[in-house]
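**Student:**
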Amino acid sequence: MSAMYPEDLLYAENHEWIRVENGTGTIGITDYAQDQLGDLVFVELPEEGDEFGQGDPFGVIESVKAVADFYMPVGGEIIEVNEELLDAPEIISEDPYDEGWIIKVKIADDGELDALMNSEDYQATLD
Amino acid sequence: MELDKLKKTPLLECHQKYGGKIVDFGGWALPVQYTGIIDEHRAVRNSAGLFDVSHMGEIRVSGPQALDLVDYLLTNDVTRVSVGQVQYSPMCYPDGGVVDDLITYRVGEDEFLLVVNAANKDKDHEWIVDKADDYDVTVTDESDDTALLAIQGPRAEVILGRVTDADLSGIKFFRFRTGVQVAGCEVMVSRTGYTGEDGFEVYCEPDEAPEIFQALMDAGQDDELVPAGLGARDTLRFEATLPLYGQELGPDINPLEAGLSFFVKLDAGDFIGRDALRSVHEDGPERKLVGFEMVDRGIPRTTYPIFDVEDNEVGHVSSGSFSPTLGKNVGMGFVRTELAEEGTDLQIGVRNRKLDAVVIGAPFYTRKG
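So the sequences go chain by chain: G and P. With my numbering applied, the first sequence corresponds to residues 34 to 160, in that order. With my numbering applied, the second sequence corresponds to residues 4 to 372, in that order.
This is the structure:
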């Protein structure tokens, strides 16, 4: 199965994706990231209302062997977290771009989106 | 990762063929997983898994005084091991710290094969050669001439039985046979392993290893045999609370605090470290290795600090993981002896937070039957 990188998303160097709709960003990690981590067994998520700057760590993901931080692709306030992941982090592996979303944020500054990559540019960083 | 710079086992191509994710494991190119650590872990618990552990070191000690030397090197009583038997033992420094933990095969009255951790192999060889000075023995490092496959799990005997004429049921736990035909090759087979399951280890010539690997994979097709990587090897040994050198054992950890007193025979013949370990035994170790279960959400990891309920730092985590069999997050760690009782509340320092945990009995997993 080849990895997938949907074209309607923007991507950060740290392997997060963001889907932007009306000033709200839905954020997750890419298929590449989940594949590199291996079997996911734990996530630590922020609380609604928490605010983070672009590039700040906002949570933790752990596989059997590895511990990694999630980083904010853009700054903003957390408006929703995917609490289903707390009991079933494997959803991220099974469906990284839809059911496996991690947080929704109110984007503080649209301008920060310019620093992100489109699908093609992101894939080029993986080669 | 640059494969060129890593040491390779004769099975690298087999791993790649089966989709193994090759990593740098202490300088060796070895698969951490194929399909996934948890899948492979469960396969070994429920059916069988095939591991490449060719990176392990093999050091042969032979000669008229081989028994005297090996017994002096090891804390266990090697004089009680008969030909065809395998024995586990720590090998200690004079201060009781551990040089390595290893298994000894008594191949003949005057011939022993010591199977040691890959990362310690050169150090061990040097240590043994140094101590061998006063003994009439020959010490040979055969690691480069030996490949090692481990087939582990409840279906291991049936699967291995399909590619050998040997009566495997006659090889009991921690026994071995030499000159066994497996897939047309002459090998040494022992009923040993590092997973907490029944299983066998097959020692062979490096150039025969791919053929044996393939023959076993083919023979195990209908029994859900999977190739298994080092990730599953670690979670499997962890659930069985088998010690890992560098985490549960090391130069600064003596075998008594690591819970290995069964393998330290203070009243048998003399061995290196005996005086130091006798005084640890008499005074009681200051710290002990315990098993614990997380009460709060979080995974304990090697080196994380352990605190008592009054927030005093009382030790550290040696190994920790999500346990696929238990479905819980559990760990092992060294704590002050008075906190080693089952049911004692502890806290584990996980990323600037202290998470509740409780001491539980070990091993976390024991196979039935």
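Don't be surprised by glycine CBs; every beta carbon is placed ideally from N, CA and C.
(1) Applying a beta-carbon distance threshold of less than 9 Å, which residues of chain G neighbour P/I40?
(2) Should G/A148 go down as buried or exposed, given a rule of 16 or more other Cβ atoms within 10 Å for buried?
(3) Do P/T149 and P/Y91 have their C-beta atoms closer together than 7 Å?
(4) Could you name the residues of chain G that P/Q36 contacts, counting a contact when the two beta carbons are closer than 7 Å?
(5) Might you give, ordered along the chain, the residues of its own chain that have their beta carbon closer than 7 Å to the beta carbon of G/L146, omitting 5 neighbours on each side?
(6) Any contact of the stretch 276-283 of chain P with the stretch 112-125 of chain P, i.e. 3+ C-beta pairs under 8 Å?
(7) Look up P/P213 in the DSSP assignment and say whether it is helix, strand or coil.
(8) Identify whether G/M34 lies in helix, strand or coil by the three-state DSSP scheme.
(9) Does the Cβ of G/L119 have 16 or more other Cβ atoms within 10 Å, making it buried, or fewer, making it exposed?
(10) For P/T167, count the other beta carbons within 10 Å of its own beta carbon; 16 or more makes it buried, fewer makes it exposed. Which is it?
(11) Determine the contact status of P/E251 and P/A243, defining contact as a CB-CB distance below 7 Å.
(12) Just list the residues that DSSP pairs P/K175 with in beta bridges.
(13) What is the DSSP secondary structure of P/K371, reduced to helix, strand or coil?
(14) What does G/F75 touch in chain P if you count any residue whose Cβ is under 8 Å from its own?
(15) Is P/G234 close to chain G? Criterion is C-beta to C-beta, closer than 7 Å.
(16) At 8 Å on the CB atoms, spell out the chain P contacts of G/V93, in chain order.
(17) Please name the residue or residues paired with G/V74 in a DSSP beta bridge.
(18) Between P/E214, P/D210, P/A159, which has its C-alpha nearest P/S193's C-alpha?
(19) Taking the beta carbon of G/A99 as the centre, do at least 16 other beta carbons fall within 10 Å, making it buried, or is it exposed?
(20) Alpha helix (DSSP H) containing G/E117: first to last residue?
(21) Please determine, among G/P39, G/N55, G/D64, the residue with the shortest C-alpha to C-alpha distance to G/N47.
(22) Is there contact between the stretch 133-144 of chain P and the stretch 216-228 of chain P, where contact requires at least three CB pairs shorter than 8 Å?
(23) What does P/G198 touch in chain G if you count any residue whose Cβ is under 9 Å from its own?
(24) Could you tell me which residues DSSP puts in a beta bridge with P/I154?
(25) Compare the beta carbon distance of P/T328 and P/R48 with 7 Å and say whether it is the shorter of the two.
(26) Applying the 10 Å Cβ sphere with the 16-neighbour rule, what's the burial state of G/Q87?
(27) If contact means a Cβ-Cβ distance below 7 Å, which residues of the stretch 210-238 of chain P contact chain G?
(28) With 16 as the cutoff for other CB atoms within 10 Å, does P/P258 come out buried or exposed?
**Tutor:** Walking through what the data contain:
(1) G71, D72, S96, V97, K98
(2) exposed
(3) no
(4) G71
(5) L43, V53, V107
(6) no
(7) helix
(8) Annotation note: pLDDT 42 at G/M34 (below 50); position unreliable, no value reported.
(9) exposed
(10) buried
(11) no
(12) DSSP output for P/K175 lists no bridge partner at all.
(13) coil
(14) R300, G301, I302, F325, N332
(15) yes
(16) R354
(17) Note: G/V74 sits in no beta bridge, so no partner.
(18) P/A159
(19) exposed
(20) 117-120
(21) G/D64
(22) no
(23) Looking at the sequence provided, one finds Thr at residue 198 of chain P rather than Gly. Under the 9 Å cutoff, chain G gives no residues; its nearest Cβ is about 15 Å from P/T198.
(24) P/L53, P/F203
(25) yes
(26) buried
(27) G234, T238
(28) buried
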